[in-house]
Every structure is written in structure tokens, then in C-alpha cells.
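Chemist: Please read through the structure below; I'll follow up with questions.
Protein chains: 2
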Amino acid sequence: MSNPPGAPRRSAPAAPVSRRTRPAKAALSADALVSAALAILDADGLDAVTMRRVAQALDTGAASLYVYVANRDELLALVYDRVVGEIPLPDVGPVGAPVPHWRARLTTLIGDAVTVLGGRRGIASVALGDVPTGPNALALAETILGLLSGAGIDDLTRSFALDLINLYITAAATEQSAYVAKGEQGRTEESEVAAMNETFARLSATEYPHLVAMRPTLTEGSGDERDAWTIEVLLNGILTTPPHPPRTP
Amino acid sequence: MSNPPGAPRRSAPAAPVSRRTRPAKAALSADALVSAALAILDADGLDAVTMRRVAQALDTGAASLYVYVANRDELLALVYDRVVGEIPLPDVGPVGAPVPHWRARLTTLIGDAVTVLGGRRGIASVALGDVPTGPNALALAETILGLLSGAGIDDLTRSFALDLINLYITAAATEQSAYVAKGEQGRTEESEVAAMNETFARLSATEYPHLVAMRPTLTEGSGDERDAWTIEVLLNGILTTPPHPPRTP
DNA sequence: CATGCGCTCCGAACAGTGTTCGTTACGAAC
DNA sequence: GTTCGTAACGAACACTGTTCGGAGCGCATG
Numbered sequence: 001m002s003n004p005p006g007a008p009r010r011s012a013p014a015a016p017v018s019r020r021t022r023p024a025k026a027a028l029s030a031d032a033l034v035s036a037a038l039a040i041l042d043a044d045g046l047d048a049v050t051m052r053r054v055a056q057a058l059d060t061g062a063a064s065l066y067v068y069v070a071n072r073d074e075l076l077a078l079v080y081d082r083v084v085g086e087i088p089l090p091d092v093g094p095v096g097a098p099v100p101h102w103r104a105r106l107t108t109l110i111g112d113a114v115t116v117l118g119g120r121r122g123i124a125s126v127a128l129g130d131v132p133t134g135p136n137a138l139a140l141a142e143t144i145l146g147l148l149s150g151a152g153i154d155d156l157t158r159s160f161a162l163d164l165i166n167l168y169i170t171a172a173a174t175e176q177s178a179y180v181a182k183g184e185q186g187r188t189e190e191s192e193v194a195a196m197n198e199t200f201a202r203l204s205a206t207e208y209p210h211l212v213a214m215r216p217t218l219t220e221g222s223g224d225e226r227d228a229w230t231i232e233v234l235l236n237g238i239l240t241t242p243p244h245p246p247r248t249p
Numbered sequence: 001m002s003n004p005p006g007a008p009r010r011s012a013p014a015a016p017v018s019r020r021t022r023p024a025k026a027a028l029s030a031d032a033l034v035s036a037a038l039a040i041l042d043a044d045g046l047d048a049v050t051m052r053r054v055a056q057a058l059d060t061g062a063a064s065l066y067v068y069v070a071n072r073d074e075l076l077a078l079v080y081d082r083v084v085g086e087i088p089l090p091d092v093g094p095v096g097a098p099v100p101h102w103r104a105r106l107t108t109l110i111g112d113a114v115t116v117l118g119g120r121r122g123i124a125s126v127a128l129g130d131v132p133t134g135p136n137a138l139a140l141a142e143t144i145l146g147l148l149s150g151a152g153i154d155d156l157t158r159s160f161a162l163d164l165i166n167l168y169i170t171a172a173a174t175e176q177s178a179y180v181a182k183g184e185q186g187r188t189e190e191s192e193v194a195a196m197n198e199t200f201a202r203l204s205a206t207e208y209p210h211l212v213a214m215r216p217t218l219t220e221g222s223g224d225e226r227d228a229w230t231i232e233v234l235l236n237g238i239l240t241t242p243p244h245p246p247r248t249p
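Just so you know, the protein sequences line up as chains A and B, in that order. According to the UniProt record's numbering, the stretch in the first sequence is residues 1 to 249, in order. According to the UniProt record's numbering, the stretch in the second sequence is residues 1 to 249, in order.
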């Protein structure tokens, strides 16, 4: 009983002893959990990131994970922040200084954020509920604020704009990764578009005249074109809309 | 044991006739499932809408639901469309005709949509993945297109704008209902704001200068003010942004 | 009238899920 | 050499969505 050779388990550098006879294994840590979870996320999507599966990847039991993480949501929040850390951030100069090309840089940043978060199979959806406060998410917010300061808009507008940009990034990434997930289930983008076209073809022209008339247009334009236009819309809108639109002080 | 007076269930244990001794019970139907699910949604949130719980509310077994609905996702899609049906739609005139006050009406419509969907404890999140094609969702899209046609913008822009508005409605409603859910768990809005303030208070001013400097501003403005500003931003942006921004044809 | 067919109904079971309990074993302090 | 905090889990709990197969009803056909 003291030294069965098969199935080495955790933490027993000294080989002879006892139940944990793992020979050499990285110690568990929150970071290790996040890495394991991220690998599973990339391989099989958000739903596959279960406590048991993460534990299995680390060659341990699910109960062990709760030493490093309060629950699954907390683990996912950590994974989210790790992914946010992969978004390339431009460096913005010191606080008061003018920021050259702030608009082009902000446009790129928003696009990159959507691409990075949208590529990771549903992780963006964990940020829709609660405002993320991980270090990387904060750094992203800081950078957005820095770029916005280059536009010379007031603080309140910047605060509102930050929220709006975050909302857009999260929502667009969520939508995009849902698309990707469907694609991996065999449905290609063309078949998806075709199915949508069929749905609209069946519509009564008297009940939905606009939708029917616009059927060809509704599927026009690539996803990238739509995204680029949307970001332009947000920035143009932000630049031309003062807070408190009804009453002017 | 053969005939306890209380709690008549389906499938009489000992009543004279056969197994189904339902005395007087509305026949099952997809609509009945949706109503039951909606009641549970309002009472206990999206996670509480389980097949067993819906079945229990209808005094039947979970397996019976699958006669009317392919799976839980389909049921939730039906619930979603029912809720969308509660959004008051302005009536837009005939197709070619000018639409008076289109902007004010569109503003109201978007706000109403967010309010209705956001009030329903997480149901908005089911629409983030797939484009909803229920009759009420189509009617909403049709109305939005009708109002947008009042602005005299081209078809492609209208198509992009429809997507953007839908994205905003869904994301904003999801976020709002997440807030509401937290509120019901004892956390008030003030305590939430206070917690956020504390988080920001702890931040290093050298690492996050903008965030620290803007701390008072970040929690300023009511939710309604922010929402109203955001809708203005979207409309202003839509009106001033042509498709294909880089190259001009 | 009898027979059979199709449909609804639903108990039981399957393969999972997140999380908790209680026990075990280890490394370090005393 | 003994104690002790804590990491590590095996097992269990209370659930989940979904499937299977049998049971029973009503209706059209023979």
C-alpha cells in the first residue's frame, strides 16, 4: 500500500512515501489553473471549462481547485483577465500631453480587442454581467481613457464613452465567438447566410415590407466592413454628442 | 393510500380510471410552456428556468415538455420572443411615406426595448448568440427599419444600423438585468457603487493615472442619463457615418 | 362495433454539473 | 519529536438537460 508504482499523484518528492507519489509536477497555483482552463477553452469552448476537467488537466481532483479559487465564476474572471492581457496596448504618453493619432490608435485598439476576445470561444460573455476589475482590464480602460483625452472632450463624456466602448467590445466579441462556435459545429458562414436568406424569403411582404425589400442588403458587406463602420459610428457619435442632451446649461 | 384528498396529481394512483385522471387542466401547449417559464423567470431568474421546474409548474414531468419544444434553448428563444412582444411599437406609415418625428420615436423605442428586456432577469442574454427570428423580433426589426427610412439614409447604412441598434439593445439589457439580479441578492446600487469606489481608491496613481483622476466622474450620472446619451451617440453617429469610410466612391 | 395506429404523456435512468464534507498527508515551526 | 495549519482529494449531495420505453387515450379505418 505504501508504494504502488502506478498512477503517481501530487507532491511527493521523496519517492518512497505515502499516498501522494507524484514524481515531479508543477505546484498548483491560481496561475496554473488559469493556464489549464485557457487551454481547455481554446480546445473545446467555454462550456467545456468545468471544474472536473480543469482538475483533470492538472492531474488532481476538482475539490483541490477550491483552494485557489472561490468558485467557477472567479476562475472564469481570471481567465478573462488573462485574455484581456493579450490585447496589444499602444502606449499613451504622460497624462497632460497631447496624444498624436489618438483616433487611429483608438480605432485599432477597439478592433484588436474585439478580435482577441472574440477569438476565444465565448469568454467575452463572462464580462457582460459584472464590470471586470482585473489588472489587465483596468490597464485597457486606462489606455482607452488616455486616447480619449487626446480628443479634448470633457470628463463626463469620457466616462460615458468608456462605458459605451466597453459595452461594444464585449457585445461584439460575444457575438463573434458565438458565430465561431457555430462554425465549428459544421455550419459554415455561407450556410448560415443561406439559412437566413431562406428565413427572409418566407416572410410576408405585406407584414414585413422593409425586411423583404432589404433582403439582399441585409447580408451585404463583410463582417470586417461592418465592424469598421460601427467603430466609426461610435467615435463620430462620441465626438458630437454632449452629455445631458435635452437641457443645455 | 389509494385516494388521499389533497394534492391531486396527474396520473391518478387509484382513481377509477386509468392513469391520467386529470380533472380539469389546461392542455399542454408551447404557449403554456412559455407562460410557465416566464412566470419562473420573473420569480427567480433565468437559471431557475429548468425543464423540471417548468414541468412542475404545469403539473407534469420534464419529459413531456419535449413534445412541444426541441430543447431548453428553443424554449428560451420562445420566451425571448414573447418578451420582445411586450415592447410597445409605434406604428410607422406606409413604406415610401415620410415618417414624422422618426428620431424621437426611434429614441423612445430603443429605450423601451432596453427597459422591457432588461427588466426580465437575464432573458436578453439568449439573444446575444443567435439572431432571433421570432415574429415579434422581426416586427421590432421591421419597425426600426421603418423609422430609419425616415432619416433618408441609404439601404446599406440602414442594414448596418439595424445590426448596431440590435446589438446595443441586447447588450444594454443584459447588463441592466445583471445589475437587477445583484440587487436582488441584497446588494443595493449604493453598495455596488461604494464597492467600486473602494476598488478605484486602492489603485496606484502612477499605474492608472486617468482612472484615479476620474474616479469621481466614473460613477457620476444616473443610469438613465447614461442610456439617453448613448442612444444619442448611436443616432448621431449613424447619421454622419457613410459606409466604407476609407475609400470614397 | 372492433381494431389498430399515432400521439401525448411521463417515470426512470444516464451522464454529466458545481460545490461541500471530512479525512489524510505533508512541511515547517516549536 | 510533537504539534499544527493547510494543501489535497475521494466521496457524496443536490442538481442539470436529455433520452428511452412503456403506457394510455382518441380517432379513423376495416
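We put the CB at the ideal spot given by N, CA and C, even for glycine. None of the values given here were measured: they were computed from a predicted structure.
I need the straight-line Cα distance from threonine 143 of chain A to aspartate 31 of chain A, nearest angstrom please.
Modeler: 25 Å
Chemist: Determine which residues of the stretch 130–149 of chain A have a Cβ less than 8 Å from any Cβ of chain B, and write them out in chain order.
Modeler: Asp130, Val131, Thr133, Leu138, Ala139, Ala141, Glu142, Leu145, Gly146 and Ser149
Chemist: Report buried or exposed for asparagine 71 of chain A, applying the criterion of at least 16 other Cβ atoms within 10 angstroms of its Cβ.
Modeler: Taking a 10 Å sphere around the C-beta of asparagine 71 of chain A, we find fewer than 16 other C-beta atoms and assign the residue as exposed.
Chemist: What are the residues of the stretch 213–234 of chain A that lie near chain B, defined by any Cβ-Cβ distance shorter than 8 Å?
Modeler: Among the residues of the stretch 213–234 of chain A, those with a Cβ less than 8 Å away from any Cβ of chain B are Ala213, Met214, Thr217, Leu218, Glu220, Gly221, Glu225, Arg226, Ala228, Trp229, Thr230, Glu232, Val233 and Leu234, in the order of the chain.
Chemist: Any C-beta of chain A sitting closer than 9 Å to the C-beta of glycine 237 of chain B?
Modeler: yes
Chemist: Can at least three beta-carbon pairs, one atom from the stretch 158–169 of chain B and one from the stretch 101–120 of chain B, be found at a separation below 8 Å?
Modeler: yes
Chemist: So glycine 118 of chain B is in the alpha helix (DSSP H); what residue range does that whole segment cover?
Modeler: Taken as a continuous stretch (DSSP letters only), the alpha helix (DSSP H) holding glycine 118 of chain B covers 102–118.
Chemist: Ends of the alpha helix (DSSP H) at glycine 237 of chain B?
Modeler: 223–240
Chemist: Looking at the secondary structure, which residues open and close the alpha helix (DSSP H) in which glycine 146 of chain B lies?
Modeler: 135–149
Chemist: Please state whether the Cβ-Cβ distance between alanine 151 of chain B and leucine 239 of chain B is less than 9 Å.
Modeler: yes
Chemist: Evaluate aspartate 154 of chain A with the Cβ neighbour count: other Cβ atoms within 10 Å of its Cβ, from every protein chain shown; 16 or more gives buried, anything less gives exposed.
Modeler: Using a 10 angstroms sphere on the CB of aspartate 154 of chain A, the tally of other CB atoms stays under 16, which defines it as exposed.
Chemist: Where lysine 25 of chain B and asparagine 236 of chain A are concerned, what is the direct C-alpha to C-alpha distance, given to the nearest angstrom?
Modeler: With a pLDDT of 49 at lysine 25 of chain B, under the threshold of 50, the modelled position of this residue cannot be trusted; read the value that follows with caution. Approximately 57 Å, taken between the alpha carbons.
Chemist: Please check the pair leucine 128 of chain A and threonine 174 of chain A, which I expect to be a contact at CB under 8 Å, by giving their CB distance rounded to whole angstroms.
Modeler: Your pair leucine 128 of chain A and threonine 174 of chain A checks out as a contact, with CB atoms roughly 7 Å apart and the cut at 8 Å.
Chemist: Confirm, please, whether the CB-CB distance from serine 149 of chain A to valine 69 of chain A is below 9 Å.
Modeler: Not in contact: valine 69 of chain A and serine 149 of chain A (Cβ atoms no closer than 9 Å).
Chemist: Looking at chain A, is there any beta carbon in it that lies within less than 9 Å of the beta carbon of valine 95 of chain B?
Modeler: yes
Chemist: Would you mind reading off the limits of the alpha helix (DSSP H) that contains proline 209 of chain B?
Modeler: 209–213
Chemist: Would tyrosine 168 of chain B count as contacting chain A if we go by Cβ distances under 9 Å?
Modeler: yes
Chemist: Could you spell out where the alpha helix (DSSP H) holding glutamate 192 of chain B opens and where it closes?
Modeler: Counting along the chain, glutamate 192 of chain B sits inside the alpha helix (DSSP H) bounded by residues 189–201.
Chemist: Alanine 181 of chain B and glycine 122 of chain B: beta carbons closer than 9 Å?
Modeler: yes
Chemist: Just reading off the alpha helix (DSSP H) that aspartate 47 of chain B is part of, what are its end residues?
Modeler: Here aspartate 47 of chain B belongs to no alpha helix (DSSP H), and DSSP marks it neither H nor E.
Chemist: Looking at chain A, is there any beta carbon in it that lies within less than 9 Å of the beta carbon of tyrosine 68 of chain B?
Modeler: no
Chemist: Distance cutoff 9 Å, beta carbons only. Does serine 125 of chain B sit that close to anything in chain A?
Modeler: Cβ-Cβ to chain A under 9 Å: yes for serine 125 of chain B.
Chemist: Verify the CB distance criterion: does leucine 106 of chain B have a CB-CB separation below 9 Å to chain A?
Modeler: no
Chemist: What are the residues of the UniProt domain "HTH tetR-type" (27–87) of chain B that lie near chain A, defined by any Cβ-Cβ distance shorter than 7 Å?
Modeler: Along the UniProt domain "HTH tetR-type" (27–87) of chain B, none of the residues has a CB nearer than 7 Å to a CB of chain A.
Chemist: In its own chain, which residues sit with a C-beta less than 6 Å from the C-beta of alanine 172 of chain B, not counting the 5 before and 5 after it?
Modeler: Val114
Chemist: Short of 8 Å Cβ to Cβ, which residues in the stretch 187–201 of chain B face chain A?
Modeler: Met196 and Thr199
Chemist: At a Cβ threshold of 9 Å, is arginine 158 of chain B touching chain A?
Modeler: yes
Chemist: Use the C-beta contact count for glycine 61 of chain B: other C-beta atoms within 10 angstroms, 16 or more gives buried, fewer gives exposed.
Modeler: exposed
Chemist: What did DSSP end up calling valine 131 of chain A once you bin it into helix, strand or coil?
Modeler: coil
Chemist: With distances taken from CA atoms, which of A:Pro242, A:Pro100, A:Pro243 and A:Gly221 is nearest proline 243 of chain B?
Modeler: A:Gly221
Chemist: Going by DSSP in three states, serine 159 of chain B sits in which element: helix, strand or coil?
Modeler: helix
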